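Trainee: This is the structure I want to talk about, given as structure tokens.
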Amino acid sequence: MTKSDVIDHIDYLIAMVLGVIVFFYYWWGIDALEIFRHTEADRALIGWEMRERGDYIIPHLLGSPIFTKPPLFYWLIALVTELFNSNQVAVVRFPSLFFASAYCVFQYFFLRFSSFERQAAIIGTLIFAFGAMFYIHAAQAEMDMVFSVFCWMSLCLIFFAEGKRALPITVVSYLLAGLAFLVKGPPAIIILIFINFIYYIFRMNSSAQTRNKWWQFCKLNIAGLVIFASVVGGWLISLVSQMSWQEVIFWLDAEFYNRIFTEARYKRGALYYLPLIIEGAFPWSLALLLLAATLPFSTCRNYIKESSIWSKQRKFIVFNLISVLTITVLLSFSAGKSGRYFLPAYAFVINLCLVAALVVADSPWREKAYKLCAIVVFVLVPGLIFSVLISERAMSLFADFPLGLGLITLALVFIVICMWFPCFRNAGLVLSCVLFYLAIRYNYIYGYSEMRNQERSVLAAVRVIDSVTPKGEPIYNIELFERWISYYLKLNGRISYRLDVKRRGELLEQSGALHVLLNEEEEMWRLKVLQKNGVSYDVLAKVEDTPNPVILIRVAPEALRYWGVQERFPTVPTPPYSL
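When you line the sequence shown up against the numbering used here, it's residues 1 to 579, in that order.
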């Protein structure tokens, strides 16, 4: 072990600084983009209601039980809303940002414990923190970042689970997998088991000195599964104490079996996740692909084999390759596909990008890389900026031209200096990246977010609905997926409920009018049913400048007799019920 391989107080300082940099970079403008996805609104509302009810076992959304996901992420939302005494957008997005910062700290230590030098570990952490997929998910009120941190840490411990410390490391690995399960369900343990098994086979075949017997491997993982079962079982026992096993099994079936094998609403083929290997690590993956494209394949292969990185980090490279390919294949079997599901594989893709970058730095590619960088600077970047400026729609991406474009211009100047004066190369490239990403963040906050908010803002609808509904009167919805409207209504002090089976029965026995919010496109059939049965209603508001037009009606409780309502919270829009 060399001196640079030793972990000391300097590494803890570096890791802390990296975490702070990432935290404040993404904290800047964390609430610039409105909540406009029903899933993000759901997470915020469920955690909010969990805190209000004091019920941390059964999640509720708009007063109706919902079991689409385990409760750990909702616990975090409830915790931060209690700590900050607020339910604003920045607060409900805080858990993801906190875990994103911790993700970078852990990434740095993972690279250091994998025998990378400090400089390489810093570079690996920074390209990790400023890749496209990380940028998108670092500050959302979604559970994907939290799930990925627990899942990734669990997998990384498998890499170190050798020798005398194999048992405690394996136990901690399965403990983290249990926490990942409590965030998002079964995918965590499935991914862990497959990667653990495949990587163990590789270790057996690669080195006779580190070869373990299958029985020892089984004992370690049985111990880990016991810990995993204890974590998950504790939650399930608490859940079953308040509801039946049949309901638990129903939701496990809906969230596990159906998501994998049931035909999805959106058609996405088996190869859907393959482009995300490149897209998620953009721009670093694209830069490496462009560089590789300038050389013959045989030359690339020789450079890799001759590099000291390959000989020193062969196990690390293979482990990351196994992880990326295994997660990609497993996710490809899923029927319900989404790009954010690939986030647990993101760190492993970035690690491979880091290895490739180090190979470049250790080969004759180095000068070619700088020349390619010059081509990108002098041709592609100005062309991109010009295409943005001539587009009226995209012009808002570069709002406040003096600052946004000024920072990018300065970044280009420093890159040019690096091309001509190698003595300024390292410092110049660092400063260029800093200026460029400050410009990107600035334009995201004051350009993209404003444009996106104008296109999909629901605040106008919230103001209209709020103005025509008497104070203190609850606003109901049945299957409205625009639940970010409910979130902002609740921020305004409005009471909002879902008309589930239980509440429907209670309201049928009451007098007075109900205020019901409907999706005009998907729930117009409800109004036609009322018209058919001679039930009158008043349209109080109709808002069309939202992602989906919504209408607010006032109707007597007797109208509920003619509307079918799902017993459980729907996860997809449903057609009219047969009455």
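For each residue, glycine too, the CB sits at the ideal point set by N, CA and C. Nothing here was measured: the structure is a model prediction, and the numbers come from that model.
What are the start and end residues of the beta strand (DSSP E) that includes Y476?
Mentor: Taken as a continuous stretch (DSSP letters only), the beta strand (DSSP E) holding Y476 covers I475 to N477.
Trainee: Using 10 angstroms around the beta-carbon of A141, count the other beta-carbons present and answer buried if the total reaches 16, otherwise exposed.
Mentor: Looking at its Cβ environment, which holds 16 or more other Cβ atoms inside 10 Å, A141 is buried.
Trainee: Output the distance between the C-alpha atoms of Y12 and E117, rounded to the nearest integer angstrom.
Mentor: Going from the Cα of Y12 to the Cα of E117 covers about 14 Å.
Trainee: Can you tell me whether I237 is buried or exposed? The criterion is at least 16 other CB atoms within 10 Å of its CB, across all chains shown.
Mentor: Counting Cβ neighbours within 10 Å, I237 comes out exposed, since fewer than 16 surround it.
Trainee: Spatial neighbours of D253 within its chain, please: CB distance less than 8 Å, with the 5 preceding and 5 following residues excluded, ordered by chain position.
Mentor: For D253, where only same-chain residues beyond five positions count, there are no Cβ hits under 8 Å.
Trainee: In chain order, which alpha helix (DSSP H) runs of at least 4 residues are fully inside the stretch 51 to 135?
Mentor: Fully enclosed alpha helix (DSSP H) runs of 4 or longer: 72 to 84, 89 to 92, 94 to 113 and 118 to 129.
Trainee: Run through DSSP, which three-state label would A541 get?
Mentor: Strand.
Trainee: Mind reading off the beta-carbon distance from N548 to E482? Whole number of angstroms is fine, and I expect it under 8 Å.
Mentor: Yes, N548 and E482 are in contact; Cβ-Cβ is about 6 Å, under 8 Å.
Trainee: Do H515 and I485 count as a contact pair if the criterion is CB distance below 9 Å?
Mentor: In this structure, H515 does not lie closer than 9 Å to I485 by Cβ.
Trainee: Can you grab the Cα-Cα spacing for the pair V535 / W48, in whole Å?
Mentor: C-alpha separation (whole angstroms): 36 Å.
Trainee: Give the secondary structure of V516 by DSSP, where H, G and I count as helix, E and B as strand, and everything else as coil.
Mentor: Of the three classes helix, strand and coil, the one that applies to V516 here is strand, per DSSP.
Trainee: Can you look up L352 in the DSSP assignment and give me helix, strand or coil?
Mentor: It is helical.
Trainee: Let me know if N302 comes out buried or exposed under the rule of 16 or more other beta-carbons within 10 Å of its beta-carbon.
Mentor: Exposed.
Trainee: I'd like to confirm the pairing. Which residues does DSSP put opposite S496 in its beta bridges?
Mentor: According to DSSP, S496 bridges with I475.
Trainee: Going by beta-carbon coordinates alone, are I190 and L155 separated by less than 9 Å?
Mentor: No, Cβ-Cβ distance for I190 and L155 is not below 9 Å.
Trainee: Would the stretch 61 to 72 and the stretch 80 to 91 be scored as touching if the rule is three or more Cβ pairs under 8 Å?
Mentor: These segments do not touch.
Trainee: Counting beta carbon pairs with one atom in the stretch 308 to 325 and one in the stretch 343 to 358, are three or more of them shorter than 8 Å?
Mentor: Yes: at least three Cβ pairs fall under 8 Å.
Trainee: Between the Cα of V359 and those of L325, V329, P344 and Q313, spot the shortest distance and give me the residue it belongs to.
Mentor: That would be Q313, whose Cα lies nearest to the Cα of V359.
Trainee: Where does L438 fall in DSSP's three states?
Mentor: Three-state result, L438: helix.
Trainee: Assuming V543 contacts V464 under a Cβ cut-off of 8 Å, what Cβ separation, rounded to an integer in Å, is found between them?
Mentor: Rounded, the Cβ-Cβ distance is 6 Å, consistent with contact.
Trainee: Rounded to whole angstroms, what is the Cα-Cα separation between V355 and A121?
Mentor: Taking the straight line joining both Cα atoms gives about 11 Å.
Trainee: With DSSP as the reference, identify every bridge partner of I551, one or two as the case may be.
Mentor: I551 is bridged to L518 and K542.
Trainee: Alpha carbon to alpha carbon, how far is A460 from R498? Give it in angstroms, no decimals.
Mentor: Distance between the alpha carbons of R498 and A460: 22 Å.
Trainee: Are A138 and A281 closer than 9 Å when you measure CB to CB?
Mentor: Contact flag unset, no.
Trainee: Note down, in chain order, each residue of its chain lying with its Cβ closer than 6 Å to the Cβ of V231, except the 5 sequence neighbours on either side.
Mentor: Result list for V231: G178, in chain order.
Trainee: Considering only residues of the same chain and omitting the five flanking positions on each side of W75, which have a CB-CB separation below 8 Å?
Mentor: Cβ within range, chain order: G47, M50 and Y56.
Trainee: Measure the C-alpha to C-alpha separation of I551 and F569 and round it to an integer number of angstroms.
Mentor: For I551 and F569, the distance between alpha carbons rounds to 21 Å.
Trainee: What does a CB cutoff of less than 6 Å around V105 pick up in its chain, not counting 5 residues either side in sequence?
Mentor: The residues are A15 and G19.
Trainee: If contacts are defined as beta-carbon pairs under 8 Å, then V565 and D500 qualify, I think. What distance do you get, rounded to the angstrom?
Mentor: About 6 Å separates the two Cβ atoms, so the contact holds.
Trainee: Going by C-alpha distance, which of L176, P70, S432 and E473 is nearest G185?
Mentor: Minimum Cα distance to G185 is reached at P70.
Trainee: Can the beta-carbon of R112 be found less than 9 Å from the beta-carbon of I7?
Mentor: A contact, by the Cβ cut-off of 9 Å.
Trainee: Among the residues of its own chain, which have a CB less than 7 Å from the CB of L276, if the five just before and after it don't count?
Mentor: The residues are G339 and F342.
Trainee: Got a sec, what are the start and stop residues for the alpha helix (DSSP H) E279 sits in?
Mentor: Its alpha helix (DSSP H) spans residues L276 to E279.
Trainee: Can you check whether the CB of V171 is closer than 9 Å to the CB of A223?
Mentor: Yes. Within cutoff.
Trainee: Is C353 closer than 9 Å to I169 when the C-beta atoms are compared?
Mentor: For I169 and C353, no; Cβs fall outside 9 Å.
Trainee: For I10, count neighbouring Cβ atoms within 10 angstroms of its own Cβ and tell me buried if that reaches 16, exposed if not.
Mentor: Exposed, by the Cβ-count rule.
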